[in-house]
């Protein structure tokens, strides 16, 4: 879409903004990431893996869930590229992926958890 297709001209440089507008696929990918971490269980698991490398059994104990249920959430996080896994002996260990996207989601989560409202409300 270019500026000439806009119904109103409010004197803003909308044309420049539209020239850098990400494509629909990019918006879908970002929306899927936000959808993924909007689940409180996955967010808890993700947060743990931001701060430690853990096996399924330790994650399950930490979040009080069964290992198969945790595995389901881990698969979703791994498929999204937010976490990685590696085999250590007979166990699979999971950790935060070393990507810009995973790092950003980690920082956002940490900031959200540390925010305090100065008015107490």
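In the numbering used here, the protein residues as written are 926 to 1046.
C-beta: ideal position from N, C-alpha, C; glycine also.
Return helix, strand or coil for residue i, following the three-state DSSP convention.
i, result
"residue 1029", "helix"
"residue 1020", "strand"
"residue 946", "coil"
"residue 1002", "helix"
"residue 1038", "helix"
"residue 1007", "coil"
Check each candidate in the options and name the one with the smallest Cα separation from residue i.
i, options, result
"residue 1051", "998, 1037 and 1030", "It is not possible to answer for residue 1051, since the shown part of the chain is limited to 926 through 1046."
"residue 997", "955, 966, 946 and 1015", "966"
"residue 1009", "993, 994 and 981", "981"
"residue 953", "940, 1005, 964 and 1018", "1005"
"residue 1038", "941, 968 and 942", "968"
Please go through the same chain and pick out, in chain order, the residues whose beta-carbon is closer than 7 Å to the beta-carbon of residue i, but skip the five residues on each side of it.
i, result
"residue 983", "none"
"residue 1016", "980"
"residue 972", "1034"
"residue 1018", "978, 979, 980, 1010 and 1011"
If you drop the 5 nearest sequence neighbours on each side, which residues of the same chain put their C-beta closer than 8 Å to that of residue i?
i, result
"residue 1023", "1009"
"residue 995", "970, 981, 984, 985 and 988"
With a CB to CB cut of under 6 Å and the five nearest residues on each side skipped, what residues in its chain are close to residue i?
i, result
"residue 1027", "1007 and 1021"
By a C-beta neighbour count over all protein chains shown, 10 Å radius and 16 as the cutoff for buried, is residue i buried or exposed?
i, result
"residue 946", "exposed"
"residue 949", "exposed"
"residue 999", "buried"
"residue 1002", "buried"
**Prompt:** How about the stretch 953-961 and the stretch 980-992: do they share at least three Cβ pairs that are nearer than 8 Å?
**Reply:** The stretch 953-961 and the stretch 980-992 do not touch, with fewer than 3 CB-CB distances between them shorter than 8 Å.
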